[in-house]
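The opening residue of the sequence shown carries number 555 in our numbering; numbering runs sequentially from there. For every residue, glycine included, the Cβ atom is placed at its ideal position computed from N, Cα and C. What follows is a set of notes on a single structure, which appears directly below.
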Amino acid sequence: MKVGNIDVHIISDGQVRLDGGSLFGVVPRPLWRNLAPVDRKNRVAIALNCLLVRTGDKNILIDTGVGAKHPPRRRALFAMAAGRLLPGLKQHGLEASDIDMVVLTHLHFDHAGGATRLVRGKLVPTFPKARYIVQQRDWAEATCTNDRTRPAYFPDDFLPLHEHGVLDLVDGQADLAPSVRVHRTGGHTAGHQMVLVHSEGEQLACLGDVFPTHHHLRPHWITSWDGYPMDTVAAKRDVLTQAERENWRLLFGHGTQHRAGRLVRRDGQISLEPAPLD
Ligand SMILES: [Zn+2]
């Protein structure tokens, strides 16, 4: 699939299951249960959609899923069926060493887990030749957690990036390549960022966890993992306004039913027109 003259491919790392209450925050279960079926532990399956961007001279990966290195207890808790990112890249003829840049929307384990892997008992960056791009404020939050934020950050996912000298911290808006720009949204984490791929007047926004699925287009449907929900409300409003005005394509990082689409307005209400990317 193309954005202007840029090739993009969604590659899923697999799926995990999250408690339905945590995925939909303050929204009561009767309002979401018909949209998102639960298992017997009240967990909803969510996808781990990553994006491969091929600009011609660079291979850029946005988010890395959970990866395959988590201990059995954690794997069971989140019913992790993942670690498919590298095989997915192979289907596009790429090895881990062919990736030039990895952009992480934030450092929660379901986005940064695949950033590192275990090789003979040692943690190393999964993509050995890549620079890893993280917002400064997310790095600060991930490396200085409190009782509220700790459960979502696992240092094994990101400290090795610093130790191997492959980490680049950015602050706010930054152009990473001629067609790839990041914007800090905050909300989900203080340094959460979305990634905009733009070329020849077309835009594709990787929304991270400000809009984890298309269900979260509703303004107050916000996960309870969000550290700053009022900031999420404001970020969602800004993104929706711009996305509608400029006819962006949107990529939902955890979407299973719809992974991508455009906004349409019917009777004053915004909804999604699905637009498969591959
Ligand atoms: Zn997430």
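Legend entry - Beta bridge counterpart(s) of Val-580 as assigned by DSSP: To locate residue 580, count along the sequence shown from 1; it is residue 26. Val-580 pairs with nothing; no bridge assigned.
Inset, instruction - Express the C-alpha separation of Arg-702 and Asn-559 in angstroms, rounding to a whole number. - result: On the sequence shown, residue 559 is found 5 positions in, with the first residue counted as 1. On the sequence shown, residue 702 is found 148 positions in, with the first residue counted as 1. Roughly 43 Å separates the two Cα atoms.
Inset, instruction - Can you tell me which of the three DSSP states Arg-628 falls into? - result: If you number the sequence shown from 1, residue 628 lands on position 74. Looking at Arg-628 - three-state DSSP - the assignment turns out to be helix.
Inset, instruction - Report the three-state DSSP secondary structure of Lys-623 (helix, strand or coil). - result: As a first step, residue 623 must be located in the sequence shown, where it is residue number 69. Lys-623: coil per DSSP, three-state reduction.
Inset, instruction - Give me the Cα-Cα distance between Arg-820 and Asp-593, rounded to the nearest whole angstrom. - result: One-based indexing of the sequence shown puts residue 820 at position 266. One-based indexing of the sequence shown puts residue 593 at position 39. Cα to Cα, the separation comes out at about 33 Å.
Legend entry - Any beta strand (DSSP E) of 3 or more consecutive residues that is wholly inside the segment 728-789: 728-731, 734-738, 747-753, 756-760
Inset, instruction - To the nearest angstrom, report how far apart Asn-588 and Pro-582 are at their CA atoms. - result: Translated into positions along the sequence shown, residue 588 becomes position 34. Translated into positions along the sequence shown, residue 582 becomes position 28. Rounded to the nearest angstrom, the two C-alpha atoms are 12 Å apart.
Inset, instruction - Compute the minimum distance between the beta carbon of Pro-766 and the heavy atoms of ligand 1, and state whether it is under 7 Å. - result: Locating residue 766 in the sequence shown gives position 212, counting from the first residue. The answer is yes for Pro-766.
Inset, instruction - Could you check if Val-688 is buried or exposed, using at least 16 other CB atoms within 10 Å of its CB as the buried criterion? - result: One-based indexing of the sequence shown puts residue 688 at position 134. Val-688 should be labelled buried.
Inset, instruction - Measure from the alpha carbon of His-752 to the alpha carbon of each residue in Glu-649, Ala-797, Thr-670, Ile-600, then state which is nearest. - result: Numbered from its first residue, the sequence shown carries residue 752 at position 198. Nearest of Glu-649, Ala-797, Thr-670, Ile-600 to His-752, Cα basis: Ala-797.
Legend entry - Any non-hydrogen atom of ligand 1 closer than 7 Å to Asp-664 Cβ: Working through the sequence shown from its first residue, we reach residue 664 at position 110. Within the cutoff, so yes.
Inset, instruction - Have a look at Asp-832 and Leu-805 and give me their C-alpha separation to the nearest angstrom. - result: Numbered from 1 along the sequence shown, position 278 holds the residue referred to as residue 832. Numbered from 1 along the sequence shown, position 251 holds the residue referred to as residue 805. Note that Asp-832 scores 48 on pLDDT, short of 50, meaning its location in the model is unreliable and no value can be drawn from it.
Inset, instruction - Indicate, with yes or no, if ligand 1 has a heavy atom lying under 7 Å from the CB of Gly-807. - result: Here the question's residue 807 lines up with position 253 in the sequence shown. Yes; taking the cut-off as 7 Å, the Cβ of Gly-807 has a heavy atom of ligand 1 nearer than that.
Legend entry - Sequence-distant residues of its chain with Cβ nearer than 8 Å to Val-562 (five each side left out): Along the sequence shown, read from residue 1 onward, the residue named residue 562 stands at position 8. Cβ neighbours of Val-562 beyond the five flanking positions: Met-555, Lys-556, Leu-605, Leu-606, Val-607, Arg-608, Val-751, Leu-758, Leu-831.
Inset, instruction - Closer than 8 Å by C-beta to Ser-651: which residues in its own chain qualify, once you throw out the five before and the five after it? Chain order, please. - result: Taking the sequence shown and counting its residues from 1, one reaches residue 651 at position 97. The answer, listed in chain order, is Phe-681, Pro-682, Lys-683.
Inset, instruction - Check Pro-714 in the structure and name its three-state DSSP category. - result: Locating residue 714 in the sequence shown gives position 160, where the first residue counts as 1. Residue state, collapsed to three classes: helix.
Legend entry - Closest residue to Lys-790 among Pro-766, Trp-779, His-808, His-812 (Cα-Cα distance): Counting from 1 along the sequence shown, the entry for residue 790 is found at position 236. With distances taken between Cα atoms, Lys-790 lies closest to Pro-766.
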